[in-house]
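*Asks:*
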Amino acid sequence: MNHPYTVSLFATCLVDTLYPGTGHAVTSVLHKCGINIDCPPDQTCCGQPAFNAGYQKEARRVARHFIEVFENSKAIVSPSGSCVHMVRHHYPLLFKDEPSWHARATQVAAKTFEFTEFLVNRLNITDVGAHFNGTVTYHDACHMNRGLGITEAPRQLIQNIKGLTFKEMTPSDKCCGFGGLFSVKYPEISQSLARDKAMRIVETGADAVVSSDVGCLMNIEGILHEMKPSIRCLHIAQLLAGDGHD
Amino acid sequence: MTEKSPLTYRQMASDAINDPRLQGSIANIQELIGNNAGPALDQLPGGRNARKQGKDLRQETLAHLDVHLAALAQKIRDNGGHVYFAEDATAACDHCIKVAKANGVKLAVKGKSMVTEEIGLNHALENAGIETVETDLGEYIIQLAGEKPSHIIAPAIHKSKEEIGQLFADKLGIDYTDDPPTLTLAARKALRKKFLAADMGISSCNMACAETGHITTVSNEGNIRMATTLPRVHVAFMGMERITARLTDHELLLALLTRAAAVQKMATYMSYIGGPRKKEHNDGPENFHLIILDNGRSKILADPAFRPILNCLRCGACLNACPVYGKIGGHSYDSPYPGPIGAVISPLLFGINKHSDLCRGETLCGACEQACPVQMEIPRMLLELRTKLADGDPQWQVKPHSYMDKLTMVIWSLANRHRLLFKCLLSLAGTLAPLFPETRFFPGTIPPPLQGFRKNKGMGRITGKSFVTRFNHQKKPCSHAIQYKTVKIQESCTPEKKEGCHAPRH
Amino acid sequence: MPLVTEPLNNESQFLSRIRQALGKKHPCEIPPHLHPEETKHHTGNSMGKKRLNRTVEETAELIEQLKTAAAPLNIGVIQCNTAEDAAHSIANMARSKPPEWNQKASLVAWAHPLVDALCIENFLKDTGIVCHREWCEQESGPSSEQRQEMIIQASRALMGITSADFCIAGTATLVITARRGQSRSASLLPSIHVVVIKASQLIKDIKELHTILQWDEDPALRGPDRSLTLISGPSKTADIEATMIHGAHGPRELYIYLLNA
Numbered sequence: 000m001n002h003p004y005t006v007s008l009f010a011t012c013l014v015d016t017l018y019p020g021t022g023h024a025v026t027s028v029l030h031k032c033g034i035n036i037d038c039p040p041d042q043t044c045c046g047q048p049a050f051n052a053g054y055q056k057e058a059r060r061v062a063r064h065f066i067e068v069f070e071n072s073k074a075i076v077s078p079s080g081s082c083v084h085m086v087r088h089h090y091p092l093l094f095k096d097e098p099s100w101h102a103r104a105t106q107v108a109a110k111t112f113e114f115t116e117f118l119v120n121r122l123n124i125t126d127v128g129a130h131f132n133g134t135v136t137y138h139d140a141c142h143m144n145r146g147l148g149i150t151e152a153p154r155q156l157i158q159n160i161k162g163l164t165f166k167e168m169t170p171s172d173k174c175c176g177f178g179g180l181f182s183v184k185y186p187e188i189s190q191s192l193a194r195d196k197a198m199r200i201v202e203t204g205a206d207a208v209v210s211s212d213v214g215c216l217m218n219i220e221g222i223l224h225e226m227k228p229s230i231r232c233l234h235i236a237q238l239l240a241g242d243g244h245d
Numbered sequence: 000m001t002e003k004s005p006l007t008y009r010q011m012a013s014d015a016i017n018d019p020r021l022q023g024s025i026a027n028i029q030e031l032i033g034n035n036a037g038p039a040l041d042q043l044p045g046g047r048n049a050r051k052q053g054k055d056l057r058q059e060t061l062a063h064l065d066v067h068l069a070a071l072a073q074k075i076r077d078n079g080g081h082v083y084f085a086e087d088a089t090a091a092c093d094h095c096i097k098v099a100k101a102n103g104v105k106l107a108v109k110g111k112s113m114v115t116e117e118i119g120l121n122h123a124l125e126n127a128g129i130e131t132v133e134t135d136l137g138e139y140i141i142q143l144a145g146e147k148p149s150h151i152i153a154p155a156i157h158k159s160k161e162e163i164g165q166l167f168a169d170k171l172g173i174d175y176t177d178d179p180p181t182l183t184l185a186a187r188k189a190l191r192k193k194f195l196a197a198d199m200g201i202s203s204c205n206m207a208c209a210e211t212g213h214i215t216t217v218s219n220e221g222n223i224r225m226a227t228t229l230p231r232v233h234v235a236f237m238g239m240e241r242i243t244a245r246l247t248d249h250e251l252l253l254a255l256l257t258r259a260a261a262v263q264k265m266a267t268y269m270s271y272i273g274g275p276r277k278k279e280h281n282d283g284p285e286n287f288h289l290i291i292l293d294n295g296r297s298k299i300l301a302d303p304a305f306r307p308i309l310n311c312l313r314c315g316a317c318l319n320a321c322p323v324y325g326k327i328g329g330h331s332y333d334s335p336y337p338g339p340i341g342a343v344i345s346p347l348l349f350g351i352n353k354h355s356d357l358c359r360g361e362t363l364c365g366a367c368e369q370a371c372p373v374q375m376e377i378p379r380m381l382l383e384l385r386t387k388l389a390d391g392d393p394q395w396q397v398k399p400h401s402y403m404d405k406l407t408m409v410i411w412s413l414a415n416r417h418r419l420l421f422k423c424l425l426s427l428a429g430t431l432a433p434l435f436p437e438t439r440f441f442p443g444t445i446p447p448p449l450q451g452f453r454k455n456k457g458m459g460r461i462t463g464k465s466f467v468t469r470f471n472h473q474k475k476p477c478s479h480a481i482q483y484k485t486v487k488i489q490e491s492c493t494p495e496k497k498e499g500c501h502a503p504r505h
Numbered sequence: 000m001p002l003v004t005e006p007l008n009n010e011s012q013f014l015s016r017i018r019q020a021l022g023k024k025h026p027c028e029i030p031p032h033l034h035p036e037e038t039k040h041h042t043g044n045s046m047g048k049k050r051l052n053r054t055v056e057e058t059a060e061l062i063e064q065l066k067t068a069a070a071p072l073n074i075g076v077i078q079c080n081t082a083e084d085a086a087h088s089i090a091n092m093a094r095s096k097p098p099e100w101n102q103k104a105s106l107v108a109w110a111h112p113l114v115d116a117l118c119i120e121n122f123l124k125d126t127g128i129v130c131h132r133e134w135c136e137q138e139s140g141p142s143s144e145q146r147q148e149m150i151i152q153a154s155r156a157l158m159g160i161t162s163a164d165f166c167i168a169g170t171a172t173l174v175i176t177a178r179r180g181q182s183r184s185a186s187l188l189p190s191i192h193v194v195v196i197k198a199s200q201l202i203k204d205i206k207e208l209h210t211i212l213q214w215d216e217d218p219a220l221r222g223p224d225r226s227l228t229l230i231s232g233p234s235k236t237a238d239i240e241a242t243m244i245h246g247a248h249g250p251r252e253l254y255i256y257l258l259n260a
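Note that the protein sequences, when read in sequence, are chains B, Y and P.
Going by numbering that gives the first Met the number 0, the first sequence runs without a break in its numbering and finishes at 245.
Going by numbering that gives the first Met the number 0, the second sequence runs without a break in its numbering and finishes at 505.
Going by numbering that gives the first Met the number 0, the third sequence runs without a break in its numbering and finishes at 260.
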């Protein structure tokens, strides 16, 4: 069970400030798998909010900070497909005109992994010995799915949880409408998409909806709670850590 | 040119979202075509690689666009046709009117054409005293109703059969019916008269071929064949990028087009037209004019970041995949080009500041890129447009969109580079948050996505405390978190309990 | 007819703007790999010969492909041993279907060996159904009155009988070129379009068509000249609430009579 890894956890700004439960769940799952974790105390955000809004200068500054904080890590694990997509695919683009930073960005990008991707594809762990009594459905977050191409890893992990019934929603890969600042600037559109997503979730009869991006869960949560309060929104790490009830 | 306020776009979007019938019909087409186009494309020889080949073909052709257009024009002239190169919308419309006047045209029939929507041809012809009748059933309905198309291949998708029934009863003088076959028959009869009486037929060009010197038109209804067979004069409009180098290029590109647009292996009618009829032919136009339009395209061609948007086949696949289009419908885009393709091409053709909402009003989910038969990176281009809006761009004459947003981002960026400032702001937010307990008393002050964690006490909320800080204080996670246990779903949980679970106890 | 002449300087400005956008200093010829006449010529010839030398089994396979493709597109495929059988069946259809635009049914027919061989008039005796032939004796083509007359005949006709250059089996696509005596409107205006072809006119796919159009030894088959149309079914629309309806503007029904001989 011992793996020669010490990984750095990039909690992401949302987990850091709003969803500490997800952060604790990630660390507990990784500990259970025998992974040593550090969590660089100077970490903040990957820069995605500014990047997606077009503010590349500001995004670049934050990206430099991220690189400085994490470039000495052996591996970086993050519970957000969207942030990993940012680091892996957008950092090299952000620094395309700055060769030295580009090299550093590429290096960091190569060792940054999404949480489930790290477990399944790097460590070959598909069963963390978790229990969950109930039915669960999975929302494919857009950047996780289309950006990183990760769809199977989380499903494998979920399906190996004892006592759990897995039920796909149709479609599972349609956007929930979050889109970062999009949901702030165009709330009507964002909320109507979240409502559709919540309906698809309710249709499955699941007890919980699971995803790999806190942003999506945050967007879905409010409406889902109005629609059917008994359905929980959980980050996949929370499910795997067995703290799904809370 | 007036700056469009966000409210207008948001208002139009809201109206569409609150129209259950519109929501139903868009959902229907997204399901019928959107869900099936991808698998149909994957059945092409080469599978997923077919799209890559299509993209490469388009890029290769655009790299020598000048040569191909010159070859096309030469061959059409050799065949007795006329070719006019129009720099902008006005030049194109004026030339068409000139042709119409020279041939004594009183009535023109039109096939569906995005490019004539772009240049406002109908309006120009009507002003010149030439009656212009749209003949694609969807376009005809829209024209009778005085509205604008809301989908690239299904222009009347926003109209119900009841609305169309009432419209036809009013405008065509038939008895009211909402039976689609009866309504279609009524349009068939009314338009047959127009086809037989028209002096000029106007068509678009789905793609032209430099090697053979012909234009290709694609339709299912047969209206384009009517408009290009019966009237004396045929005027075809093409955006300058819509050309292939070789005839063999048509094979792949037409297959990509019809599969992506309507899940068809082949459209019902595809015509290769290379000039006016020969003298011994019984029918066909005696005059053939091709108008090739720039109207801002050469500027797009010159910018490597946006050149790939000229790969577009106008199939509408991105509309059928886009979750945002699925909610807000075509009219919210306020442009002849709706959907994801419109969100990129409308700002580029008509002004980035003018269409700033189109650049920013997407979730960047990537469904459009996934659906595109020629792999256009629409999300990347939307990001490029946003970058221009953020800091301005003299080359594209873009002014910074919002100084307030810029200031916010500068502060945000500062806080995210200095952990101490980051923590201070977080504490401040944690202190202020309880002062706004019920968001409904403060509409608009708290963005809806953040309302979620206020309403739902289950998962997260602003406490002003940082996970990272607590982790490093504690050095190991609390004992609860590492114990695996069977979870009871229905058990309710209070924030206090959550705090008790995770917060470090000092 | 007054002609509009296009100012050429307009064109050179237009094209130079494109060259500037592409970063090209001088106009250049089409790059050789985009114009592969030399390499393709040989393939073209062999493909043309392949069509002429198909075995019975290969033809049977194409016929099966055609039937499979035609069914979902609402195209009727009727195999006949002789022209007489086909004529009999076509005449029966003309008798049984109600005319759409006129009180009395009428037909228009191409001047084409396969259509002529039907001698359809012989099967319509005593029915009062008239069949208009579209042949014009003058080499210079019909007068404008004659053209107008032909279009009116076609627009009132119940049925238009034509042939085709080819039929692409895989997609049930008819390939029709406009020629003397072979109006475009005969396949477009009548309520029913009937096409008579021989099994030897079946080709595999659009690739084979394009090869023939560019490289066939018979210049009459090469093209696309002024007007070539690919027809894959009766006219259809789904513009009212996505309801599929046949007969939007063109023919409501399409039948392919496939002669084995």
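Don't be surprised by glycine CBs; every beta carbon is placed ideally from N, CA and C.
In terms of DSSP beta bridges, what is Y:Thr-507 paired with?
*Replies:* Examination of residue 507 of chain Y is not possible in this model, given that chain Y is present from 0 through 505 alone.
*Asks:* For Y:Asn-319 versus Y:Ala-36, is the C-beta spacing smaller than 8 Å?
*Replies:* Going by C-beta atoms, Y:Asn-319 is nearer than 8 Å to Y:Ala-36.
*Asks:* Where does Y:His-280 fall in DSSP's three states?
*Replies:* Residue state, collapsed to three classes: coil.
*Asks:* Which residues in the same chain as B:Pro-91 place their Cβ atom closer than 7 Å to its Cβ, once the five residues preceding and following it in sequence are excluded?
*Replies:* Excluding residues within five positions, the ones whose Cβ falls inside 7 Å are His-101, Ala-104, Thr-105, Ala-108.
*Asks:* Three or more beta-carbon pairs under 8 Å between the stretch 81-88 of chain B and the stretch 40-52 of chain B, yes or no?
*Replies:* Result yes; three or more Cβ-Cβ pairs closer than 8 Å.
*Asks:* Which residues in chain P sit within 8 Å of Y:Gly-283, going by Cβ to Cβ distance?
*Replies:* Those within 8 Å of Y:Gly-283 in chain P are Ala-177, Arg-183, Arg-225, Ser-226.
*Asks:* In this structure, what does DSSP give as the bridge partners for Y:Lys-109?
*Replies:* For Y:Lys-109, which the question treats as bridged, DSSP gives the partners Y:Glu-133, Y:Ile-201.
*Asks:* In the stretch 250-320 of chain Y, which residue ranges form an unbroken alpha helix (DSSP H) of at least 4 residues, counting only runs that do not cross its ends?
*Replies:* Listed in chain order, they are 296-301, 316-320.
*Asks:* State the beta-bridge partners of P:Ile-196 as determined by DSSP.
*Replies:* P:Ile-196 pairs with P:Leu-257.
*Asks:* Is the beta carbon of P:Leu-117 sitting closer than 8 Å to the one on P:Ala-85?
*Replies:* Cβ distance < 8 Å, so P:Leu-117 and P:Ala-85 count as in contact.
*Asks:* Distance, Cα to Cα, Y:Glu-86 vs Y:Leu-190?
*Replies:* Cα to Cα, Y:Glu-86 sits roughly 33 Å from Y:Leu-190.
*Asks:* If contact means a Cβ-Cβ distance below 7 Å, which residues of the stretch 59-90 of chain B contact chain Y?
*Replies:* So the list reads Arg-60, Val-61, His-64, given in the order they occur along the chain.
*Asks:* Taking the alpha-carbon of Y:Glu-161 as reference, which of Y:Lys-147, Y:Pro-180, Y:Ile-151, Y:Pro-148 has the nearest alpha-carbon?
*Replies:* Per the Cα distances, Y:Pro-180.
*Asks:* Apart from the five residues on each side of it in sequence, which residues of its chain come closer than 7 Å, Cβ to Cβ, to B:Ser-5?
*Replies:* The sequence shown places Thr at residue 5 of chain B, rather than the Ser named in the question. For B:Thr-5, where only same-chain residues beyond five positions count, the Cβ hits under 7 Å are Asn-35, Asp-37, Lys-73.
*Asks:* Can you list, in chain order, the residues of its chain with a C-beta nearer than 7 Å to that of Y:Ser-426? Leave out the 5 residues immediately preceding and following it.
*Replies:* Cβ neighbours of Y:Ser-426 beyond the five flanking positions: Gly-463.
*Asks:* Would you give the residue range spanned by the alpha helix (DSSP H) that P:Arg-132 belongs to?
*Replies:* Unbroken run through P:Arg-132 is the beta strand (DSSP E), 129-132; no alpha helix (DSSP H).
*Asks:* At 8 Å on the CB atoms, spell out the chain B contacts of Y:Gly-360, in chain order.
*Replies:* Simply Phe-181, Lys-184, Tyr-185, Ile-188.
*Asks:* On the DSSP bridge assignment, give the partners of B:His-234 in chain order.
*Replies:* Answer by DSSP bridge pairing, in chain order: B:Ser-210.
*Asks:* Should Y:Ile-75 be flagged as near chain P, meaning a C-beta pair shorter than 8 Å?
*Replies:* False, the Cβ-Cβ gap to chain P never drops below 8 Å.
*Asks:* Under three-state DSSP, which class holds P:Cys-265?
*Replies:* This structure does not reach residue 265 of chain P, given that chain P is present from 0 up to 260, and the question cannot be answered.
*Asks:* Does the distance from the C-beta atom of P:Gly-249 to that of P:Ile-74 stay below 8 Å?
*Replies:* Their beta carbons are not under 8 Å apart, which means P:Gly-249 does not touch P:Ile-74 by this criterion.
*Asks:* Does the distance from the CB of P:Gln-64 to the CB of P:Ala-156 come in under 8 Å?
*Replies:* Contact: no.
*Asks:* Would you kindly report the start and end of the unbroken beta strand (DSSP E) that includes P:Asp-125?
*Replies:* P:Asp-125 -> no beta strand (DSSP E), and no H or E assigned at all.
*Asks:* 8 Å is my cut-off, CB to CB: does B:Cys-32 come that close to chain Y?
*Replies:* Answer no: the Cβ-Cβ gap between B:Cys-32 and chain Y never drops below 8 Å.
*Asks:* Assuming contact is defined by CB atoms lying nearer than 8 Å, are B:Val-119 and B:Val-209 in contact in what I supplied?
*Replies:* For B:Val-119 and B:Val-209, no; Cβs fall outside 8 Å.
*Asks:* Using a C-beta cutoff of 8 Å, does Y:Asp-169 count as contacting chain P?
*Replies:* Answer no: the Cβ-Cβ gap between Y:Asp-169 and chain P never drops below 8 Å.
*Asks:* Does DSSP put B:Leu-8 in a helix, in a strand, or in coil?
*Replies:* Reduced to three states, the DSSP call for B:Leu-8 is strand.
*Asks:* Going along chain B in order, which residues have a C-beta closer than 9 Å to the C-beta of Y:Ile-340?
*Replies:* Within 9 Å Cβ-Cβ: nothing; Y:Ile-340 doesn't reach chain B, min ~17 Å.
*Asks:* Assess contact between the stretch 178-195 of chain B and the stretch 211-229 of chain B, defined as three or more Cβ pairs (one per stretch) separated by less than 8 Å. Is contact present?
*Replies:* Segments in contact, yes.
*Asks:* Taking a Cβ distance cut-off of 7 Å, strictly less, list which residues of the stretch 12-41 of chain Y are near chain B, in chain order.
*Replies:* If the cut-off is 7 Å between Cβ atoms, the stretch 12-41 of chain Y has Ala-12, Ser-13, Ile-16 near chain B.
*Asks:* Indicate the three-state DSSP secondary structure (helix, strand or coil) for P:Gln-137 in the structure shown.
*Replies:* Coil, per DSSP.
*Asks:* If you run the structure through DSSP and keep just helix, strand and coil, what is Y:Ser-491?
*Replies:* Summary for Y:Ser-491: the model assigns pLDDT 32, below 50, so the residue's position carries little reliability, and this model does not support an answer.
*Asks:* With a CB to CB cut of under 6 Å and the five nearest residues on each side skipped, what residues in its chain are close to B:Lys-166?
*Replies:* Excluding residues within five positions, the ones whose Cβ falls inside 6 Å are Thr-134, Thr-136, Thr-203, Ala-205.
*Asks:* Please classify Y:Cys-423 as buried or exposed, where buried requires at least 16 other C-beta atoms within 10 Å of its C-beta.
*Replies:* When all chains shown are included, Y:Cys-423 counts as exposed.
*Asks:* Are at least three pairs of beta-carbons, each pair with one atom in the stretch 216-230 of chain Y and one in the stretch 184-200 of chain Y, less than 8 Å apart?
*Replies:* Verdict: yes, contact present.
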